[in-house]
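J.: Below is a structure I'd like to ask you about.
Number of protein chains: 2
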Amino acid sequence: MIRRHAHRDNLIWASGAGAAPSPAATVGDARQASPRKPGGWEPAPAAPRTEDTVSRPSVQDTAPLAPSRERRPPHRARRHVPGTVTQPHPLTNRSTNEQLRTYEQGVRAAFDQIVPTLKQISALHCEPDFTQRAQQLAQRELGFELPNGILDDAWIAGLDLRRLYAWSLFETYRRMADDFFARDPLRGRETTAFDEFLQSCGFHLMDITPCADGRLAHAISYVLRLPIGAVRRKSYAGTLFDVEETVEKWVEVEHQRFREGRPNTADTSTRYLKVVMYHFSSLDPEHQGCAAHGSDDGLAARAGLERLHHFRQAIENSFCCGASVALLLIGLDTDTDAIRVHLPDERGEMDLNQSVDAQALYDQTHNLTPEAARQGILEAVCAAAPDTADEGMVRLVARLVENNLSQIEYVRTLQGGGYPDAGHAERFMAVGIGFEEIQLRNLTYFAYLHTVEEGAPDLDVGCRIFDGLNVSHGLPIPVVVRFDYHGRVPGARERAVERARRLDRALADRFRVRVQQGLLHRMLVVRDCDAGSGLEVVSTSVDPQPAGGH
Amino acid sequence: MIRRHAHRDNLIWASGAGAAPSPAATVGDARQASPRKPGGWEPAPAAPRTEDTVSRPSVQDTAPLAPSRERRPPHRARRHVPGTVTQPHPLTNRSTNEQLRTYEQGVRAAFDQIVPTLKQISALHCEPDFTQRAQQLAQRELGFELPNGILDDAWIAGLDLRRLYAWSLFETYRRMADDFFARDPLRGRETTAFDEFLQSCGFHLMDITPCADGRLAHAISYVLRLPIGAVRRKSYAGTLFDVEETVEKWVEVEHQRFREGRPNTADTSTRYLKVVMYHFSSLDPEHQGCAAHGSDDGLAARAGLERLHHFRQAIENSFCCGASVALLLIGLDTDTDAIRVHLPDERGEMDLNQSVDAQALYDQTHNLTPEAARQGILEAVCAAAPDTADEGMVRLVARLVENNLSQIEYVRTLQGGGYPDAGHAERFMAVGIGFEEIQLRNLTYFAYLHTVEEGAPDLDVGCRIFDGLNVSHGLPIPVVVRFDYHGRVPGARERAVERARRLDRALADRFRVRVQQGLLHRMLVVRDCDAGSGLEVVSTSVDPQPAGGH
Numbered sequence: 001m002i003r004r005h006a007h008r009d010n011l012i013w014a015s016g017a018g019a020a021p022s023p024a025a026t027v028g029d030a031r032q033a034s035p036r037k038p039g040g041w042e043p044a045p046a047a048p049r050t051e052d053t054v055s056r057p058s059v060q061d062t063a064p065l066a067p068s069r070e071r072r073p074p075h076r077a078r079r080h081v082p083g084t085v086t087q088p089h090p091l092t093n094r095s096t097n098e099q100l101r102t103y104e105q106g107v108r109a110a111f112d113q114i115v116p117t118l119k120q121i122s123a124l125h126c127e128p129d130f131t132q133r134a135q136q137l138a139q140r141e142l143g144f145e146l147p148n149g150i151l152d153d154a155w156i157a158g159l160d161l162r163r164l165y166a167w168s169l170f171e172t173y174r175r176m177a178d179d180f181f182a183r184d185p186l187r188g189r190e191t192t193a194f195d196e197f198l199q200s201c202g203f204h205l206m207d208i209t210p211c212a213d214g215r216l217a218h219a220i221s222y223v224l225r226l227p228i229g230a231v232r233r234k235s236y237a238g239t240l241f242d243v244e245e246t247v248e249k250w251v252e253v254e255h256q257r258f259r260e261g262r263p264n265t266a267d268t269s270t271r272y273l274k275v276v277m278y279h280f281s282s283l284d285p286e287h288q289g290c291a292a293h294g295s296d297d298g299l300a301a302r303a304g305l306e307r308l309h310h311f312r313q314a315i316e317n318s319f320c321c322g323a324s325v326a327l328l329l330i331g332l333d334t335d336t337d338a339i340r341v342h343l344p345d346e347r348g349e350m351d352l353n354q355s356v357d358a359q360a361l362y363d364q365t366h367n368l369t370p371e372a373a374r375q376g377i378l379e380a381v382c383a384a385a386p387d388t389a390d391e392g393m394v395r396l397v398a399r400l401v402e403n404n405l406s407q408i409e410y411v412r413t414l415q416g417g418g419y420p421d422a423g424h425a426e427r428f429m430a431v432g433i434g435f436e437e438i439q440l441r442n443l444t445y446f447a448y449l450h451t452v453e454e455g456a457p458d459l460d461v462g463c464r465i466f467d468g469l470n471v472s473h474g475l476p477i478p479v480v481v482r483f484d485y486h487g488r489v490p491g492a493r494e495r496a497v498e499r500a501r502r503l504d505r506a507l508a509d510r511f512r513v514r515v516q517q518g519l520l521h522r523m524l525v526v527r528d529c530d531a532g533s534g535l536e537v538v539s540t541s542v543d544p545q546p547a548g549g550h
Numbered sequence: 001m002i003r004r005h006a007h008r009d010n011l012i013w014a015s016g017a018g019a020a021p022s023p024a025a026t027v028g029d030a031r032q033a034s035p036r037k038p039g040g041w042e043p044a045p046a047a048p049r050t051e052d053t054v055s056r057p058s059v060q061d062t063a064p065l066a067p068s069r070e071r072r073p074p075h076r077a078r079r080h081v082p083g084t085v086t087q088p089h090p091l092t093n094r095s096t097n098e099q100l101r102t103y104e105q106g107v108r109a110a111f112d113q114i115v116p117t118l119k120q121i122s123a124l125h126c127e128p129d130f131t132q133r134a135q136q137l138a139q140r141e142l143g144f145e146l147p148n149g150i151l152d153d154a155w156i157a158g159l160d161l162r163r164l165y166a167w168s169l170f171e172t173y174r175r176m177a178d179d180f181f182a183r184d185p186l187r188g189r190e191t192t193a194f195d196e197f198l199q200s201c202g203f204h205l206m207d208i209t210p211c212a213d214g215r216l217a218h219a220i221s222y223v224l225r226l227p228i229g230a231v232r233r234k235s236y237a238g239t240l241f242d243v244e245e246t247v248e249k250w251v252e253v254e255h256q257r258f259r260e261g262r263p264n265t266a267d268t269s270t271r272y273l274k275v276v277m278y279h280f281s282s283l284d285p286e287h288q289g290c291a292a293h294g295s296d297d298g299l300a301a302r303a304g305l306e307r308l309h310h311f312r313q314a315i316e317n318s319f320c321c322g323a324s325v326a327l328l329l330i331g332l333d334t335d336t337d338a339i340r341v342h343l344p345d346e347r348g349e350m351d352l353n354q355s356v357d358a359q360a361l362y363d364q365t366h367n368l369t370p371e372a373a374r375q376g377i378l379e380a381v382c383a384a385a386p387d388t389a390d391e392g393m394v395r396l397v398a399r400l401v402e403n404n405l406s407q408i409e410y411v412r413t414l415q416g417g418g419y420p421d422a423g424h425a426e427r428f429m430a431v432g433i434g435f436e437e438i439q440l441r442n443l444t445y446f447a448y449l450h451t452v453e454e455g456a457p458d459l460d461v462g463c464r465i466f467d468g469l470n471v472s473h474g475l476p477i478p479v480v481v482r483f484d485y486h487g488r489v490p491g492a493r494e495r496a497v498e499r500a501r502r503l504d505r506a507l508a509d510r511f512r513v514r515v516q517q518g519l520l521h522r523m524l525v526v527r528d529c530d531a532g533s534g535l536e537v538v539s540t541s542v543d544p545q546p547a548g549g550h
């Protein structure tokens with residue numbers, strides 16, 4: 001069976017900064033989310049299993065989607081039949097695709113291994129040498145040992161599988177994050193080439209706001225194939241980024257150019273490029289689009305564009321000497337990972353009905369030579385651009401489209417013709433500020449926030465999603481509370497720790513009942529982003545002395 | 001009687017950013033606050049009453065303070081006997097003192113007129129032409145009419161004096177604020193002379209953090225006699241200012257110098273001057289000092305100095321090219337308004353045991369010519385400065401000391417030898433971001449915050465103070481919720497309004513019982529600080545449709 005037909009509605013951002021769907025719709029959506037059965041999880045294989053996925057039937061063979069397919073414009077409706085992509089596109093990077101897939105599957109496998117392993121351990125718990133055998137099993141299957149205390153106490157009141165589950169999940173996350181910062185597996189620090197290219201196009205910083213929906217968490221490293229160290233990613237629900245915060249960032253970047261000549265000197269005529277990436281679903285446009293905008297593509301695009309204009313206007317109104325910024329709006333089809341790009345004219349105006357479509361270009365240039373394909377893309381971008389479009393912007397967009405072709409192929413071939421999880425399949429909630437290491441789709445439900453008071457609507461939606469995914473089966477909701485800090489600033493670490501603890505108390509207070517039942521566990525972490533180091537665990541609620549709220 | 005002997009403990013900031021007094025102490029302190037009796041309020045006279053206050057007995061004639069006086073160092077213990085100041089100091093500005101006093105007494109009188117007027121109105125409320133007579137009285141005594149609805153409904157369930165009180169207080173505050181922004185009564189916008197002087201001393205911005213204690217609310221306009229438009233005031237509990245936020249401000253100022261040459265070009269060798277003003281009480285040092293530091297002067301000074309060093313280190317660590325800042329630490333005696341200044345050496349190091357004392361200098365230079373007095377001050381500042389102190393810093397400090405002499409005289413003469421309110425006498429709570437117009441001592445309990453979650457300890461202390469001042473007499477706590485915004489930034493007003501409403505909901509939730517009993521009322525206001533306009537009232541809980549929480 002193709003799991004994407006589970007008809008789970010996407011609720012990731014039923015509300016957020018400025019978005020206000022009706023409460024009824026939000027609750028209703030959350031209830032519709034068909035829960036995953038913990039026992040039925042299929043752990044992703046540690047080794048490639050291309051043959052399995054490629055042989056899956058295409059979505060076009062299934063009845064339920066047929067009616068909605070007919071309503072879609074041609075280039076959005078096309079769902080690729082896996083059998084036809086044996087011939088790769090001339091411009092796709094197959095070795096990178098392999099590396100990305102290995103990383104993705106390895107991380108997913110580590111998370112998906114937890115439930116089957118704990119099931120086995122649970123079955124053992126009446127054995128006399130239980131602790132020892134459980135640890136051997138955990139070491140073999142998960143790569144780490146479990147806390148002896150929980151295992152040793154199993155004879156008294158039974159095995160506390162909720163705590164074990166949360167503990168294992170937190171440990172898996174911690175190891176993934178530390179590996180990410182130690183090894184740079186997605187080569188996000190190899191920034192020189194893209195930095196130079198970006199400046200040659202007339203931009204000194206690319207600041208991207210994808211929607212905070214977990215299905216866009218891989219926007220930089222996978223969808224656009226950019227080194228994460230070379231761009232700024234700042235996700236917001238419904239792409240409604242914080243204008244004031246972005247103005248502050250602009251000032252910081254300009255100041256650095258003036259003072260340090262980084263990335264170039266202030267007199268170089270490059271601009272700050274602000275990009276918004278909204279999203280839609282070609283397969284189920286009315287349910288799996290952006291929840292913050294009621295799955296209305298047009299609304300999502302307009303809202304992103306309006307926010308971009310507000311930012312530009314804020315800069316132009318607040319600073320002299322012709323201060324301005326460049327703007328760009330990108331749409332992402334979360335079913336295929338294909339992008340469509342709305343090119344701006346010289347004043348940053350964009351026509352929402354006019355875009356260049358990477359999916360269509362993939363097919364149109366599939367049988368050409370690399371040179372001809374590249375030329376075809378450039379011409380298509382030019383054709384989609386307003387007359388007064390900036391030449392550098394056209395070149396940048398052509399590059400983004402070309403990069404995206406690899407991701408289109410990645411999804412078509414390596415993921416079996418499409419993502420198995422159109423709806424929610426997150427493993428944990430990420431709450432606070434940071435999470436640079438989360439570069440995989442649908443692994444994490446994000447709630448970027450400073451306080452529960454400001455982020456309560458997002459947290460509520462998250463909890464309802466995990467009520468369906470976990471709580472309904474008796475599994476707890478794992479929440480990572482995180483604040484990154486600048487270690488160069490004295491006292492910053494202590495303030496980050498204090499902030500994490502305060503947030504944790506507010507969280508435990510808001511979700512009191514789940515916490516009391518052991519159905520919501522938290523791990524508090526901080527990270528010194530100046531040092532480039534891994535995570536520092538402050539505390540966890542699965543420790544003998546919990547983080548708070550119990 | 002001298003009201004300062006009411007022995008109210010100062011609790012304004014029993015905790016805050018980083019300060020952590022024991023909860024027991026905080027609660028205990030709050031309970032000790034001896035409440036003011038509404039009926040017993042003495043409204044400040046609208047016209048000067050110098051003769052009344054000067055004739056009051058000196059504190060030195062009263063027994064209770066004698067023991068603690070002996071423990072004080074000589075120049076802190078001296079409490080001036082009013083009779084001796086008939087001869088003003090040669091460097092004080094008597095006409096400014098008169099203007100400042102007229103403004104202060106006018107504002108206080110407006111607030112203090114509310115309770116007596118409502119008492120009179122209450123006495124009328126069984127009369128047949130009640131509404132009309134009440135409005136005449138209100139117009140005559142308060143300068144505005146009351147809401148007809150509340151008056152008209154008095155025959156049903158009695159006069160709702162709680163709502164009337166909150167309504168009148170909010171209206172009085174609103175009128176005071178609008179007058180402040182329209183008229184600039186403290187001439188805070190006359191900045192040119194001080195700007196030029198400051199730059200001649202080697203500084204391009206003076207950024208002052210007084211403690212957020214209401215007894216330092218007049219630090220800029222009164223204590224230091226600086227135009228508020230020429231300095232940045234950012235108050236924090238216990239002076240524990242936000243290092244990250246101040247680094248951002250530094251970047252903004254540097255960027256403006258680079259881009260716009262304001263206030264001077266970036267290549268001018270001036271520095272950003274960060275000043276911390278801690279406080280202490282010479283009359284009751286163990287109870288009326290800084291509550292955030294347990295009334296321990298040394299601790300308050302050390303904490304301020306440490307935060308200053310953290311800020312400098314953050315700048316030096318985070319930016320290249322010899323980036324640094326200048327630091328200055330000032331102590332304020334909240335009983336006399338005299339300052340003591342700790343001068344830094346070339347590296348910004350300060351000796352907490354070494355300071356120049358304005359109170360002592362007032363007396364020492366009292367009988368000299370203006371020139372000789374000025375010279376005496378300069379020499380005293382030089383003597384108190386480290387060998388490597390910056391010449392510009394010495395000149396600046398000498399100016400601050402000279403300015404402060406006028407305030408010392410203001411307190412000695414015009415207030416009857418000292419402040420009548422050593423403890424709490426605030427009229428309302430100010431919650432949120434803004435409040436530039438609050439330039440009077442002890443008028444307002446401040447809680448600068450973005451969310452209740454972050455500012456809860458300060459709000460709790462504030463509510464306990466007003467429980468003593470108001471609630472214990474049946475009067476509600478008036479809370480002004482305020483967020484300033486930059487009107488140049490599109491959408492900023494809407495976000496400020498939304499933020500005020502969110503904060504109001506959280507506030508009404510935290511103090512549910514008081515709200516339900518009509519004992520906590522809120523007015524929500526926003527202000528466009530780019531436009532320099534007055535307040536915009538968003539809503540109030542005294543309106544027929546309250547702001548929330550009822």
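Protein chains in written order, with UniProt numbering: chain R, 1 to 550; chain F, 1 to 550. Cβ atoms here follow ideal geometry from the backbone N, Cα and C, with glycine treated the same way.
R:Leu449 to F:Gly149, Cα distance in whole Å?
T.: 42 Å
J.: List, in chain order, every chain F residue whose beta-carbon is nearer than 8 Å to that of R:Thr451.
T.: Per Cβ cutoff of 8 Å: His450, Thr451, Glu453, Glu454.
J.: Give me the Cα-Cα distance between R:Asn442 and R:Glu426, rounded to the nearest whole angstrom.
T.: 5 Å
J.: Whose Cβ in chain F lies nearer than 7 Å to the Cβ of R:Val251?
T.: Val251, Glu252, His255
J.: Beta-carbon of R:Phe197 versus every beta-carbon of chain F: anything under 8 Å?
T.: no
J.: Using the Cα positions of F:Val497 and F:Cys320, report the straight-line distance between them to the nearest angstrom.
T.: 39 Å
J.: Is the CB of R:Glu248 under 8 Å away from at least one CB in chain F?
T.: Yes, its Cβ sits closer than 8 Å to a Cβ of chain F.
J.: Using a Cβ-Cβ cutoff of 7 Å, what residues of the region 348–379 of chain R are near chain F? List them in chain order.
T.: Per Cβ criterion, the list is empty.
J.: By the criterion of Cβ-Cβ separation under 8 Å, what are the contact partners of F:Cys320 in chain R?
T.: Arg259, Glu260
J.: Under 7 Å Cβ to Cβ from F:Ala177, same chain only, skipping five residues before and after it: list those, please.
T.: Sequence-distant partners of F:Ala177 (beyond 5 residues in either direction) whose C-beta falls short of 7 Å from its own C-beta, in its chain, are Glu437, Gly534, Leu535.
J.: When the Cβ atoms of the region 519–529 of chain R are set against those of the region 477–490 of chain R, are three or more pairs found closer than 8 Å?
T.: With a cut-off of 8 Å on Cβ pairs, the region 519–529 of chain R is in contact with the region 477–490 of chain R, counting three or more such pairs.
J.: May I ask you to verify whether the region 156–172 of chain F touches the region 184–191 of chain F, counting CB pairs closer than 8 Å and requiring at least 3?
T.: no
J.: Taking a Cβ distance cut-off of 8 Å, strictly less, list which residues of the region 220–244 of chain R are near chain F, in chain order.
T.: Val243, Glu244
J.: When DSSP builds the beta bridges, which residues end up paired with F:Val243?
T.: DSSP lists no partner for F:Val243.
J.: What do you reckon, are the CB atoms on R:Leu503 and R:Phe511 nearer than 8 Å?
T.: no
J.: Straight-line CA distance for F:Leu273 to F:Leu328?
T.: 7 Å
J.: How about F:Gln313: is its C-beta nearer than 8 Å to some C-beta of chain R?
T.: A Cβ of chain R is located within less than 8 Å of the beta carbon of F:Gln313.
J.: What residues from chain F crowd round R:Val513, counting only those whose CB sits closer than 9 Å?
T.: Residues of chain F passing the Cβ test: none, with the nearest at roughly 18 Å.
J.: Can you pull the chain F residues whose beta carbon is under 8 Å from the beta carbon of R:Arg502, in chain order?
T.: Glu453, Glu454
J.: Taking 8 Å as the CB-CB cut-off, is R:Arg488 touching chain F?
T.: yes
J.: What number of angstroms, rounded off, separates the C-alpha of F:Ile121 from the C-alpha of F:Ile408?
T.: 40 Å
J.: For F:Phe144 and F:Glu171, which I take to be in contact (beta-carbon distance under 8 Å), what is that distance rounded to the nearest angstrom?
T.: 6 Å
J.: With which residues is residue 584 of chain F paired in a DSSP beta bridge?
T.: The structure shown has nothing for residue 584 of chain F, since chain F only spans 1 to 550.
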